[in-house]
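Notes follow the structure.
Number of protein chains: 2
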Amino acid sequence: MSAVRLSPTSYVILGMIALRGPSTPYDLKRAVGHSVGYFWNFPHAQLYSEPDRLADLGLLALSVEDSGRRRKTYSLTDRGRAALRAWLASPTDEHFQMRDIAELKLFFNEVGDPDSVPSLAAEQIKQHEERIAVYEGMVERFGDDPASRPRMITLELGLEMEHAALRFWTALAEGDLDRLRRARKGTTTGTSSSTTAE
Amino acid sequence: MSAVRLSPTSYVILGMIALRGPSTPYDLKRAVGHSVGYFWNFPHAQLYSEPDRLADLGLLALSVEDSGRRRKTYSLTDRGRAALRAWLASPTDEHFQMRDIAELKLFFNEVGDPDSVPSLAAEQIKQHEERIAVYEGMVERFGDDPASRPRMITLELGLEMEHAALRFWTALAEGDLDRLRRARKGTTTGTSSSTTAE
DNA sequence: GACAGTACCGTCCGAGACAGACGGTCAACC
DNA sequence: GGTTGACCGTCTGTCTCGGACGGTACTGTC
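If you read the protein sequences in the order shown, they are chains S and H. Mapping to this note's numbering: the first sequence position 18 is 18, numbers consecutive. Mapping to this note's numbering: the second sequence position 142 is 1142, numbers consecutive.
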């Protein structure tokens, strides 16, 4: 049907409007900021240009309110909802991508001063603890609200990842990376095993 | 000193040349592919344009071999090494960024067909298991080589993250997310606690 | 050694993504 | 009604992205 390729960011916009109903770019900006923005970041300018593109494609409907501030409200069309549904149902071939400056620095560490590792680890521990606190705060505030329950699920993934990172940097700081390997042996859920035997 | 802003990708190039010695873009491409590329991906075209920029800045030295194929070999200058070291020692303020299509789909799942979750989870489980196998294979091949020991450390972080994701998707597939929360309570290393009490 | 076939290697290009400066708009308070 | 500061939208130049494309070396064939 639509031969156009939509970027993940396009689907974020479609998805947010599907969840929230008709929205202005600024509505989206705020909503994204404390939800999906944590695992799919993009500059807010996209939220002003991309919806127009989607409207051109017939996936969003635009209604302009010219009272006072120029303000555009976008709502989902049937075609937009269909496109979103099709994407949701399509296979996901790509592996997630990480971009971690700290990991980069650690990788190249041997070129520099070995003494910088402890401070790097300390920074990372702090950051991940803070992020965990943010996530836990969300769980406390919204965890009991049945309406936001679906969205709590992704938080759970975020928390797992944060804790994984925190465990790593903590073990590194304490010079006991072997502990991680040992701990992993016990945690494997047993659904299947990795293909390389040992 | 240098008022120029280098991107993380620039430092990847400097770092790779620091680790490997003088290299051509293609050398870098292959080397990146099975190492740093796993946690900092970028298109290979960058490896042809960026070194020239770095050479202009005096951070790399260029030697052209005009026998046969035009081929450029870049090596690190003292200023390049200094820039890399300075970066390695500088504080890391940013949190890592994730880009996970699967997580996005999960977040917007309620808009679509709930039945798509199991297949999404199954795909993810497979992907993460495969990636774990790749990493484990590397550990087996290079784990005993003292020279590559430093680089094994980042692998350990990769493995932690992969296992975290695997645990999550497995729990989701089995409909037992609560298990994750319970398990996390026990694993906390105790360096500190999150700021939100419960 | 001419030729074809194939893997290797480098370059280019249009479409987006990006950061962040900038300017307009509003509410509140004096 | 003027001033202030928070709120909201737009714009710009630059960089990134991915992938198509084209050139180059190697290998085997006769």
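Even for Gly, the Cβ is constructed at its ideal location relative to N, Cα and C.
Helix, strand or coil at residue i [DSSP, three-state]
{"i": "Ala61/S", "result": "strand"}
{"i": "Arg1071/H", "result": "strand"}
{"i": "Leu1019/H", "result": "helix"}
{"i": "Leu172/S", "result": "helix"}
{"i": "Leu76/S", "result": "strand"}
{"i": "Arg5/S", "result": "coil"}
{"i": "Ala1183/H", "result": "helix"}
Buried versus exposed call for residue i [16 or more other C-beta atoms within 10 Å across all chains shown]
{"i": "Leu118/S", "result": "A small correction: the amino acid at residue 118/S is Pro; Leu does not occupy that position in the sequence shown. Result: exposed."}
{"i": "Gly1112/H", "result": "buried"}
{"i": "Gly1033/H", "result": "exposed"}
{"i": "Pro51/S", "result": "buried"}
{"i": "Leu1062/H", "result": "exposed"}
{"i": "Ala1018/H", "result": "buried"}
{"i": "Gly1015/H", "result": "buried"}
{"i": "Gly158/S", "result": "buried"}
{"i": "Glu129/S", "result": "buried"}
{"i": "Ser1090/H", "result": "exposed"}
{"i": "Glu1174/H", "result": "exposed"}
{"i": "Ala45/S", "result": "exposed"}
{"i": "Ser1049/H", "result": "exposed"}
{"i": "Ala86/S", "result": "exposed"}
{"i": "Ala147/S", "result": "exposed"}
{"i": "Arg181/S", "result": "exposed"}
{"i": "Met1001/H", "result": "Its pLDDT being 47, under 50, Met1001/H is placed unreliably in this model, and the value from its coordinates should be taken loosely. Under this definition Met1001/H is an exposed residue."}
{"i": "Asp115/S", "result": "exposed"}
Cβ distance (whole Å) where residue i is taken to contact residue j below 8 Å
{"i": "Leu25/S", "j": "Lys72/S", "result": "Checking the sequence, you will find Pro at residue 25/S rather than Leu. Yes, Pro25/S and Lys72/S are in contact; Cβ-Cβ is about 7 Å, under 8 Å."}
{"i": "Trp1040/H", "j": "Arg131/S", "result": "Between Arg131/S and Trp1040/H the Cβ distance is about 20 Å, and since that is not below 8 Å, they are no contact."}
{"i": "Leu1104/H", "j": "Val134/S", "result": "So it is not a contact: roughly 19 Å between Cβ atoms."}
{"i": "Asn109/S", "j": "Leu1006/H", "result": "Not confirmed; about 18 Å, so no contact."}
{"i": "Leu59/S", "j": "Gly37/S", "result": "Incorrect: roughly 21 Å between the Cβ atoms, too far for contact."}
{"i": "Arg151/S", "j": "Ser10/S", "result": "Between Ser10/S and Arg151/S the Cβ distance is about 20 Å, and since that is not below 8 Å, they are no contact."}
{"i": "Ala55/S", "j": "Tyr74/S", "result": "7 Å"}
{"i": "Ala164/S", "j": "Glu1160/H", "result": "4 Å"}
{"i": "Glu1156/H", "j": "Leu120/S", "result": "Wrong, their Cβ atoms sit about 15 Å apart, outside the cutoff."}
{"i": "Thr1270/H", "j": "Phe107/S", "result": "Only positions 1001 to 1198 of chain H appear in the structure, and residue 1270/H is not among them; the question remains open."}
{"i": "Leu1028/H", "j": "Leu1047/H", "result": "5 Å"}
Any chance the stretch 1121–1130 of chain H sits against the stretch 1155–1172 of chain H, with 3 or more Cβ pairs inside 8 Å? yes
Taking only beta carbons into account, state which residues of the stretch 1003–1036 of chain H come closer than 9 Å to chain S, listed in chain order. Pro1008, Tyr1011, Val1012, Leu1014, Gly1015, Met1016, Ala1018, Leu1019, Ser1035, Val1036
Which of the residues in the stretch 1094–1116 of chain H, read from start to end, lie with their CB under 8 Å from any CB of chain S? Glu1094, His1095, Phe1096, Gln1097, Met1098, Arg1099, Asp1100, Ile1101, Ala1102, Glu1103, Leu1104, Lys1105, Leu1106, Phe1107, Phe1108, Asn1109, Glu1110, Val1111, Gly1112, Asp1113, Ser1116
Inspect the CB distances between the stretch 136–149 of chain S and the stretch 87–99 of chain S and report whether three or more fall short of 8 Å. no
At a CB distance below 7 Å, what residues from the stretch 1118–1134 of chain H approach chain S? Give them in sequence order. Leu1120, Glu1123, Ile1125, Gln1127, Glu1129, Arg1131, Ile1132, Ala1133
Where the stretch 73–94 of chain S meets chain H: residues whose CB sits under 7 Å from a CB there: Leu84, Arg85, Leu88, Ala89, Pro91, Thr92, Glu94
Against chain S, which members of the stretch 1136–1154 of chain H pass a CB distance test of less than 8 Å? Glu1136, Gly1137, Glu1140, Pro1150, Arg1151, Ile1153, Thr1154
Near-chain S residues of the stretch 1156–1170 of chain H - C-beta to any C-beta below 9 Å: Glu1156, Leu1157, Gly1158, Leu1159, Glu1160, Met1161, Glu1162, His1163, Ala1164, Ala1165, Leu1166, Arg1167, Phe1168, Trp1169, Thr1170
Give the residues from the stretch 48–66 of chain S that approach chain H closer than 7 Å (Cβ to any Cβ), ordered along the chain. none
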